[in-house]
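Working notes for the structure below.
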Amino acid sequence: MGGFSQEAQLMSNNEMVVTPWEVSGVIDYNKLIEKFGTSPLSDELLERFRGYTGEIHFHLRRKIFFSHRDLDWIFDLYDRGEKFCLYTGRGPSGDIHIGHVVPWIFTKYLQGKFRAKLYFQLTDDEKFLINSNLSKKKVLKLMYDNALDIVATGFDKKNTFLISDMKHAGVMYNIGLWVAKHVTGSTAKAVFGFTDSSNIGIQFFPAIQAAPAFLDSLIEGRNVPCLIPAAIDQDPYWRIARDVAPKLGFYKPAQIHSRFLPGLGVGGKMSSSLPETCIFLNDSVKTARKKVMNAFTGGRATVEEQKRLGGDPSICSVFHYESHLFEPDDQKLARIEADCKAGELMCGEHKRMLAEKVEKFLVEHKLRREKAKDTLQEYFLNSDKAMEEILQ
Ligand code: TYM
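Quick note: to get this note's numbering, add 797 to the position in the sequence shown (first position is 1).
What follows is the structure, given as structure tokens:
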């Protein structure tokens, strides 16, 4: 059963906290929809997806992406011939773990199906500002390291534009200025919980995270709808961006929100701050296997009990990994679930099955990452060209 049961009890008493900088406690996604004022992803919207893509991606079927803002509007415009761009991002504060990859895999899928441009922001500035032990040099190194993982995810080179806030400061700052002019200190405080001791850089930063949502409109010289796929922790940023957009004459950016891939311990999202419960893309195969074999599961105290009573996949991190990433086939997933509940699939065996899938994923990713080194520079936004458009 892994060594996390005490932790389980602690977590279950924890209050839910979901902000861009902290996700903890037991997460109630229905409550988040209510609290953030977003909309659940309805079956009708899933059917609209099927209309465009001929299928419903497993992240949608399983409601891993579960909530949205204005996705119906994005589709209405699309039906009238207005293509949307995509925008997502990463704050390079450390190594990439497989939780980060959940929204990226779905974004790549959307890019392929809708032939959409993708702006991918690397918020090296944000991480420099909030992390007292990150120097500019270190954060830029992490930015390039993370960018390799992003490229290795397989985005379309012709249609993908990486933005480093520090390297592309001219473009980001100039758009950010427009945004910042319309955001009062009290709004920023209310949305992000800034206090008088928050540095003024981080209080300005939400304007920079809003900027890429408007970049394609500026580059194209007309309003381009923008869809942002990300886990729901990023939502506060979009409240600011959506509030300001009409004041600047832009469309409000739309969002599609994912759940969090949990850690291999109990509850909470996969988080770099608990590295033993977190699989990093640069973990060796051996380390990743060890982490999977130590994972918390929904198993019983003894094999005999488990055979008699069955396991509980709903609380099992190994099962969550299958459903979020490693078993896209619904029939196979249903089989795993049924065998677990019937006491026919033991946790040790299931962990070994998952470890093999994780190992394959890591080995393939590492190969693509090596190749990405040759082409990385070609993925970055050409800022001179973008500046010409923006400063016109
Ligand atoms: P960051 O680096 O914290 O996270 C990068 C992306 O991964 C998502 N995420 C997860 N998704 C599933 N399971 C998890 N356990 C998990 N942990 C993190 C995040 O929601 C995010 O989509 N400020 C941002 C960078 C950013 C950005 C954006 C993100 C700039 N522009 C636009 C999304 C969209 C950040 O620090 O992300």
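Don't be surprised by glycine CBs; every beta carbon is placed ideally from N, CA and C.
Any non-hydrogen atom of the ligand TYM within 7 angstroms of residue i CB
{"i": "V815", "result": "no"}
{"i": "D1030", "result": "yes"}
{"i": "K1066", "result": "yes"}
{"i": "Y884", "result": "yes"}
{"i": "H1117", "result": "no"}
{"i": "E923", "result": "yes"}
{"i": "I1025", "result": "yes"}
{"i": "G896", "result": "yes"}
{"i": "P1050", "result": "no"}
{"i": "G888", "result": "yes"}
{"i": "L1058", "result": "yes"}
{"i": "P900", "result": "yes"}
{"i": "S1120", "result": "no"}
{"i": "Q1006", "result": "yes"}
{"i": "S821", "result": "no"}
{"i": "Q908", "result": "no"}
{"i": "T920", "result": "yes"}
{"i": "S864", "result": "no"}
{"i": "S1070", "result": "no"}
{"i": "S1055", "result": "yes"}
Strand pairing of residue i, partner residues [DSSP]
{"i": "H763", "result": "Residue 763 lies beyond the range of the chain shown here (798 to 1189); nothing can be said about it."}
{"i": "V814", "result": "S821"}
{"i": "Y916", "result": "Y884 and F958"}
{"i": "F1177", "result": "L959"}
The ligand HEM heavy atom lying under 7 angstroms from the CB of residue i
{"i": "V1021", "result": "No copy of the ligand HEM occurs in the structure displayed; its ligands are the ligand TYM alone."}
Residue-chain proximity (residue i, chain C), Cβ-Cβ < 8 angstroms
{"i": "L937", "result": "Protein chain content of the structure displayed is limited to a single chain, and chain C is not contained in it."}
* Asked: Could you give the uninterrupted runs of the alpha helix (DSSP H) lying entirely in the segment 822-903, keeping only those of 4 residues or more?
  -> 826-833, 840-850, 855-858 and 868-876
* Cβ contact check for the segment 983-993 and the segment 897-905: 3 or more pairs under 8 angstroms -> no
* To do: Write down every uninterrupted run of the alpha helix (DSSP H) in the segment 1053-1129 whose length is 4 residues or greater and which is fully enclosed by it, in chain order.
  => 1082-1090, 1100-1106 and 1114-1118
* Asked: Is the segment 961-977 close to the segment 1001-1009, with three or more CB pairs under 8 angstroms?
  -> yes
* **Continuous alpha helix (DSSP H) assignments of at least 4 residues falling wholly in the segment 945-996** => 966-977 and 982-989
* Given 8 angstroms, three or more beta-carbon pairs between the segment 1060-1080 and the segment 811-826 -> yes
* Counting pairs of Cβ atoms below 8 angstroms between the segment 991-1001 and the segment 849-869, do you hit three or more? -> no
* Is it a yes or a no for the segment 1018-1026 touching the segment 866-883, going by three-plus beta-carbon pairs under 8 angstroms? -> yes
* the segment 917-928 contacting the segment 1094-1110, beta-carbon criterion three pairs below 8 angstroms -> no
* **Stretch-stretch touch, CB-based, cutoff 8 angstroms, three pairs: the segment 938-950 with the segment 887-894** => yes
* Asked: So, do the segment 1113-1126 and the segment 1148-1158 have three or more beta carbon pairs nearer to each other than 8 angstroms?
  -> yes
* Counting pairs of Cβ atoms below 8 angstroms between the segment 1176-1185 and the segment 1135-1142, do you hit three or more? -> no
* Contact the segment 1104-1120 vs the segment 1034-1045: 3+ CB pairs below 8 angstroms -> no
* Asked: Taking contact to mean at least 3 C-beta pairs separated by less than 8 angstroms, is the segment 947-959 in contact with the segment 1167-1174?
  -> yes
* Asked: At a cut of 8 angstroms, does the segment 911-924 reach the segment 1025-1037 through at least three beta carbon pairs?
  -> no
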